[in-house]
Every structure is written in structure tokens, then in C-alpha cells.
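According to the working numbering, the stretch in the sequence shown is residues 19 to 340, in order. Ideal placement from N, C-alpha and C gives every residue a C-beta, glycine not left out. Just so you know, these numbers come straight off a predicted model, no measurement behind them. Working notes, beginning with the structure itself.
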Amino acid sequence: MREVDVAVIGAGPAGLFAAYYAGFRGLSVAVVDALPEPGGQITAMYPEKLIHDVAGFPAVKGRDLVANLVAQAAPFDPCYLLGTRAEKLSYADGRPVLGLAGGGQLRCGAVIVTGGLGSFTPRPLPVAEHFAGAGIVYFVPQPAELAGRDVLIVGGGDSAFDWASTLEPLARSVTVVHRREKFRAHAATVARVLGLPVRVIVNAEVTRLHGDGTVTGAEITVRGGAAELLPVDTVVAALGFTADLGPLAEWGLRLDRRHIVVDSAMATNLPRVFAAGDITEYPGKVRLIATGFGEAATAVNNAAVAIDPSAHLFPGHSSDGT
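Encoded structure:
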């Protein structure tokens, strides 16, 4: 059984900042995440996307933000338990004990849940169910790997158009297929992509994939029209994802749909369990990365007092050297 002061569940931006802030407060910390790399949804879904609403950065690439957060926490040597899911919550002598997938346990002074939207699964591309070959992806963590390829992106949301913008300078060709005429993506992103040499086909679906072992082509059928065969090396299915809380839903946390209800201290209804980031719910909640950073600091400071009632709620500013 490992023992730490604070267990952070979720290695997205809020979780990584919580790891830093716990270390700043002199607390030992373990970060648990089912994904194999830190960064949460940023790493899995849009590492190359520019993020514009983080204070102090006019724009920062998702991958760079995650790397900076990891570097910020590094001097405090957090323990990363990646590729590991927190399954159960129990208590021993009033302290939380996390049961981990695989049978391990983590005893801690407090738990901070920063699991974003919970466990998320990409929505499948229906035609891919009948194709046994390779070349179908749902995320593009390394855009350079698609350099020189004919890429087909299926979807009409932000992810689809972000990938189109990112891949256009790298790929041999980029085609976007969407089953509707209107897009869910941000209007400015759509306008930017429409100004690029990217073919956009609307009111259409991918009706068949060709290839032996890997994708070599895709049949695109416009509503009411005949199928057109396009040469394709890689299909990016950017159809969104479904999310659920997984085992967290069985812990007895007070929930509002898929979100954890917290108070102004970021405390949940369970003793010594706090939450921060997109997973939380309270009146006036705004789901931004920047908001999650502040919530993480609030959660850590209140967790520090729960662990040691003699501790100060606010330890002072980091710039004070105290």
C-alpha cells in the first residue's frame, strides 16, 4: 500500500496544477489517470491545437501547455500512476483509501478528483465496423505521422476542422466529409479551413472503405447522388465522444448528471474528497481550463487543512518565497 498526502485523480491540466500546488504546500502527491500519458483530453484529442484562453499565453499549443504543467510540478517529484484507474474508495482511520485497478491501494490524507469529463470513448465510424484493415484513427496525437498522406476527416465539429487546419500543410490531400450542411465547429475555424486547399463535402457519408490490410480508398455518397471513390490512406473519425464517470459514480458522491457537486471550498459530500476542473458543478460554474487552475488551488489549500487542522488555509504567495 502506497501512502501520500494527496491523491489527484486525473492528469489533465487541473490535475497537473493540483500536483504542483500540493508540492508547493509541502504535501506528497500521487497522480492517477487511466490514460498512459499526462494531459487528459488535451493529449488524447487535440495536442496540436492552439489554446487561447489560458491567462498569460496569447496562444499556447496543447502539447506545450501540458509539458509546462509537468515541468512546473517536477521539482516536487509527484508520483505518476498512469495507465491506472482508481476503482474504489474506502476509509481507514478516517483517511481515504483508493483501490486501484490491478489490486493496488493508495492511502491518502485527501483525494482531489480532477477527472474532466470522466472516462471518454470516441464515437465509432459505422462503416468501420465492417472493415478489418488499419488506417482508421479517432485521435491524431502526432500529426507529422500523416505527412504525405491522403487524409479523410469525417465530422463537422471543432475537432474535425482543427485537424483539417493542422494537417493541410503536412498531408498530400485533406478532405472533410460531413453528413449535414451546417457545421458545429466555431465559425472562425470553419472559415479558415474553407480558405485552405481542403475539399469539404457536405450532406454526405462514408458508405464503404476499400483496402486489404490498410485503407486505400473510401466511397463517399452525397445525399441523393452516386458514390465517389476517393484515394485515402488515413481516415480520421472526428465524430465526438461519449463520457461517463466510470467507477466514480459508485462512490456515493453527490452528482448532478455527470458532474460532481462541490461547495466553495471545492469539497464534495464525502469526507476529505475534493474536486476541481470540468468535472465539478456549482452555481455559476464556467468550464474553462483557466477556471480549473483556480479550483485546483482552492481544493489543495482546503485539503491541506483537512489533513492538518493546524495548517493555514492560505500559505502565502509563491512569489513571497514563503
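From Ala36 to Gly242, what does the alpha carbon distance come to, in whole angstroms? 53 Å
Short of 7 Å in beta carbon distance, which residues of its chain neighbour Ala91, apart from the five on each side in sequence? Order them along the chain. So the list reads Leu34, Ala37, Tyr38, Gly41, once near-sequence residues are dropped.
What alpha helix (DSSP H) runs, 4 residues minimum, are completely inside the stretch 241-297? none
May I have the straight-line CA-CA distance separating Pro327 from Asn319, to the nearest angstrom? Each residue's alpha carbon lies about 11 Å from the other.
Report the three-state DSSP secondary structure of Val323 (helix, strand or coil). helix
Can you say whether Gln160 is buried or exposed, counting buried as having 16 or more other CB atoms within 10 angstroms of its CB? So Gln160 counts as exposed.
Would you call the CB atoms of Val253 and Leu170 closer than 8 Å? Contact: yes.
Can you give me the C-alpha to C-alpha distance between Arg113 and Val50, rounded to a whole angstrom? 17 Å
For Gly117, list the residues DSSP reports as bridge partners. Lys106, Gln123
Given a cut-off of 8 Å on the beta-carbon distance, is the pair Ala294 and Ile27 in contact? No, they are not a contact pair.
Quick check on His228: does DSSP put it in helix, strand or coil? strand
With distances taken from CA atoms, which of Gly44, Leu99, Pro31, Ala32 is nearest Val323? Gly44
Bridge partners of Leu68, per DSSP? Listed as beta-bridge partners of Leu68 by DSSP are Lys79.
Once DSSP output is grouped into helix, strand and coil, what is the label at Thr340? Low local confidence applies: a pLDDT of 46 at Thr340 is under 50, so the model's placement there is unreliable, with the coordinate-based value given in what follows. Coil.
What is the DSSP secondary structure of Val304, counted as helix, strand or coil? coil
In chain order, what residues of the same chain have a beta carbon less than 8 Å from the beta carbon of Ala255, not counting five sequence neighbours either side? These residues qualify, in order along the chain: Pro140, Arg141, Pro142, Leu143, Ala146, Ile154, Val155, Tyr156, Val172, Gly173.
In this structure, how does DSSP classify Val208 when only helix, strand and coil are distinguished? helix
Taking the beta carbon of Val47 as the centre, do at least 16 other beta carbons fall within 10 Å, making it buried, or is it exposed? A residue is called buried when at least 16 other Cβ atoms come within 10 angstroms of its Cβ; Val47 meets this threshold and is buried.
DSSP state of Tyr38, grouped into three classes? helix
Same chain only: Cβ atoms within 6 Å of Thr340, ignoring 5 sequence neighbours per side: With a pLDDT of 46 at Thr340, under the threshold of 50, the predicted position of this residue should be treated as unreliable, and no value is reported.
Assigned secondary structure, Pro96 (DSSP; H/G/I helix, E/B strand, else coil): coil
Since Trp269 and Leu107 should fall inside the 8 Å C-beta cutoff, what is the C-beta to C-beta distance between them, to a whole number of angstroms? About 5 Å separates the beta carbon of Trp269 from that of Leu107, a gap short enough to meet the 8 Å contact definition.
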